[in-house]
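Here's the structure we're looking at; comments come further down.
In my numbering, the protein residues as written are 239 to 288.
Next comes the structure, spelled out in structure tokens:
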């Protein structure tokens, strides 16, 4: 539909900015995020899927 196409085009137009401004995180921070993700995936709290 038209609304979805416009939203997709707007998101696509912002992609160069995202790629330009993206900064890699230090390995220590990435490791902490990885550990957090594991804990969140194993948690039964706030499960919103069937």
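C-beta atoms are modelled at their ideal positions from N, C-alpha and C, and glycine is treated no differently.
Item: According to DSSP, is residue 281 part of a helix, a strand, or is it coil?; Value: coil
Item: Between which residues of its own chain and residue 243 is the CB-CB distance below 6 angstroms, once the five residues before and five after are set aside?; Value: none
Item: For residue 261, name the three-state secondary structure that DSSP assigns.; Value: coil
Item: Could you tell me the distance, in whole angstroms, from the CA atom of residue 240 to the CA atom of residue 266?; Value: 44 angstroms
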